[in-house]
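Residue numbers 1 to 334, in the UniProt record's numbering, belong to the letters of the sequence shown in order.
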Amino acid sequence: MTSISLGDLAQSFMLQRRSVALRQDLSRLTDELSSGKVSDVRQVLDGNHNYLTDLERSLEVLDGYSVANSEAAYYTGAMQKALERVQEFGGALGLDLLLASGGPIGVVAGNPSDNARTQLQGMISSLNGDIAGRSLFAGTATDDVPLPDADVLIAQVLAVVAGQTTPEDIMTAAETWFADPAGFDTLTYSGSATALAPFALSETERVTLDVRANDAALKETLLHTTVAALADDPSLGLSVTQQSELFGLTGIGLQSNQDQLTSLRANIGFTEERIEMISARNQAEETSLEFARNALLATDPFETATELESVQFHLQSLYSVTVRSSQLSLVNFL
């Protein structure tokens with residue numbers, strides 16, 4: 001009977017080739033076990049990458065919308081906090097002015113005009129706020145602050161009401177100037193008349209934040225605060241009684257304006273809720289797509305571990321055979 005055997009060199013090459021193949025399988029299985037994903041995607045998909053490509057594209061799009069959702073949430077949150085401060089300033093000042101209108105100036109609530117100037121500066125600082133370098137209440141003019149310093153606004157209104165002799169006339173002149181498009185909107189407000197572009201939060205959802213420093217509710221707050229701040233100006237020549245009456249008018253105006261500010265903040269709150277709902281829906285969709293992708297590419301950890309153990313056993317056996325083969329000699333055979 002004819003016997004076929006391998007020479008020493010051929011057998012060495014065979015063992016070396018088998019060792020390389022087992023080590024490659026060991027490396028592949030180790031990576032798959034640690035990552036939980038198959039290493040040869042082409043083999044799993046049988047060359048058809050369309051479904052996987054569509055899943056990955058959808059995940060990338062959702063990732064982009066996630067950034068837009070975060071930006072919109074930060075923006076609306078900053079707006080809400082700024083308007084909260086403006087409303088708090090106006091509410092507190094309104095009560096102080098009403099107290100001052102019923103007693104001697106400087107006894108009940110300090111100097112009401114000084115208090116109004118301080119609160120006006122706080123309001124303007126809040127409305128000139130920005131987030132990441134983008135102005136909150138300037139419309140599309142995000143690189144500009146919408147309002148000047150408090151002293152500038154007081155000087156503008158003082159020039160408008162100059163010559164008026166009664167608190168009612170002063171209020172009427174100031175109200176006319178704030179309502180006139182050629183007044184406050186042109187001379188004081190330096191933001192844009194155009195609202196920010198809507199935030200795209202999904203393929204079908206958009207939210208618009210159209211709140212600017214020249215909004216009617218905010219102008220009303222600035223109007224009464226500014227008039228209260230200039231009530232004691234010597235150029236107006238108001239008596240103590242007239243100043244008290246003017247404080248009463250502005251105090252009532254600020255208190256009445258609270259409902260408008262609440263409504264404005266409620267609109268932003270509704271937008272915040274929409275952003276949160278859209279974000280939650282996007283996250284749920286992203287989780288579903290990731291589950292589908294993992295189901296497509298994921299490996300069975302138990303099967304992979306079993307195969308890895310088998311490869312380790314075969315590799316150890318091969319090393320043992322190689323060692324024994326290297327120890328064979330004619331002397332030992334004889």
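Just so it is clear, CB atoms sit at the ideal spot from N, CA and C, and this is done for glycine as well.
Collapsed DSSP secondary structure at R17 in the structure displayed: Looking at R17 - three-state DSSP - the assignment turns out to be helix.
Local Cβ density within 10 Å of P146, reported as buried at 16 or more and exposed below that: Taking every protein chain shown into account, the CB of P146 has 16 or more other CB atoms within 10 angstroms, so this residue is buried.
Start and end residues, alpha helix (DSSP H) containing N214: That residue, N214, is in no alpha helix (DSSP H); it is neither H nor E in DSSP.
Return the CA-CA distance between A138 and D130, expressed in angstroms with no decimal places. Between A138 and D130, the alpha-carbon positions lie close to 10 Å from each other.
Between E245 and the rest of its own chain, which residues show a CB-CB distance below 8 Å, the 5 nearest in sequence each way excluded? Closer than 8 Å at Cβ, skipping near neighbours: S101 and P167.
Compare the beta carbon distance of Q260 and G91 with 8 Å and say whether it is the shorter of the two. No.
Under 8 Å, do D144 and S113 count as touching if we go by C-beta distance? Not in contact: D144 and S113 (Cβ atoms no closer than 8 Å).
At what residues does the alpha helix (DSSP H) containing Q255 begin and finish? Per DSSP, Q255 belongs to the alpha helix (DSSP H) from V240 to S256.
From Q156, L201 and S202, residue whose alpha carbon lies closest to that of A182: Of Q156, L201 and S202, the residue nearest in Cα terms is Q156.
Integer Cβ distance of A82 from I275, believed to fall under 8 Å: In this structure A82 does not touch I275 by the C-beta definition: roughly 17 Å separates them, more than the 8 Å allowed.
For a test of the three-state rule: what should DSSP assign to S113, helix, strand or coil? If DSSP states are grouped into helix, strand and coil, S113 belongs with the helices.
Quick one: grab the DSSP three-state call for S135. Note: S135 maps to strand in three-state DSSP.
How far does the alpha helix (DSSP H) with L236 in it reach, from first residue to last? No residue range can be given for L236, since it is assigned to no alpha helix (DSSP H) and is classified by DSSP as neither H nor E.
Could you tell me the boundaries of the alpha helix (DSSP H) in which E175 lies? Per DSSP, the continuous alpha helix (DSSP H) segment holding E175 begins and ends at P167 to A179.
Helix, strand or coil: which one does DSSP assign to V145? Coil, per DSSP.
With H, G and I counted as helix, E and B as strand and the rest as coil, what does DSSP make of A182? DSSP places A182 outside both helix and strand once states are collapsed to three, so it counts as coil.
CA-to-CA distance, E290 to I268, given in whole angstroms: The alpha-carbon of I268 is positioned some 33 Å away from that of E290.
Given that a residue counts as buried once 16 or more other Cβ atoms are within 10 Å of its Cβ, and exposed if not, what is F270? So F270 ends up on the exposed side.
Can you tell me the Cα-Cα spacing of Q316 and E309, whole angstroms? Rounded to whole angstroms, Q316 to E309 spans 11 Å at the Cα level.
Identify whether L210 lies in helix, strand or coil by the three-state DSSP scheme. For the sequence presented, residue 210 should be read as Asp rather than Leu. D210: coil per DSSP, three-state reduction.
What is the rounded straight-line gap between the Cα of A229 and the Cα of L158? If I take the Cα positions, the gap works out to 10 Å.
Tell whether a beta-carbon distance below 8 Å holds between S126 and R85. Cβ atoms of S126 and R85: closer than 8 Å.
In whole angstroms, give me the CA-to-CA distance for N111 and A200. Distance between the alpha carbons of N111 and A200 is about 49 Å.
Look up D130 in the DSSP assignment and give the residues it is bridged to. Answer is S135.
Excluding the five sequence neighbours on either side, which residues of its own chain have a C-beta within less than 7 Å of the C-beta of V207, listed in chain order? Close CB contacts of V207 within its chain, under the 7 Å cut and outside five residues either way in sequence, are with A72, P198, F199, L201, T271, R274 and I275 (chain order).
Output the distance between the C-alpha atoms of G163 and D215, rounded to the nearest integer angstrom. Taking the straight line joining both Cα atoms gives about 28 Å.
Inter-residue spacing [alpha-carbon to alpha-carbon] between Y65 and E205: The straight-line gap from Cα to Cα measures roughly 10 Å.
Beta-carbon proximity check, L120 vs M171, cutoff 8 Å: The Cβ-Cβ distance between L120 and M171 does not fall below 8 Å.
In or out: G237 buried (at least 16 other Cβ within 10 Å) or exposed? G237 should be labelled exposed.
Return helix, strand or coil for A200, following the three-state DSSP convention. A200: strand per DSSP, three-state reduction.
Where does A72 sit, in a helix, a strand or coil, going by DSSP? In this structure, A72 counts as helix in the three-state DSSP scheme.
Simplified DSSP assignment, three categories, for A159: DSSP, read as helix, strand or coil, puts A159 in helix.
Would you kindly work out how many angstroms separate the C-alpha atoms of S70 and T76, rounded to a whole number? Computed Cα separation, rounded: 10 Å.
Let me know the secondary structure DSSP gives Q260 once reduced to three states. DSSP places Q260 in helix when its eight states are reduced to three.
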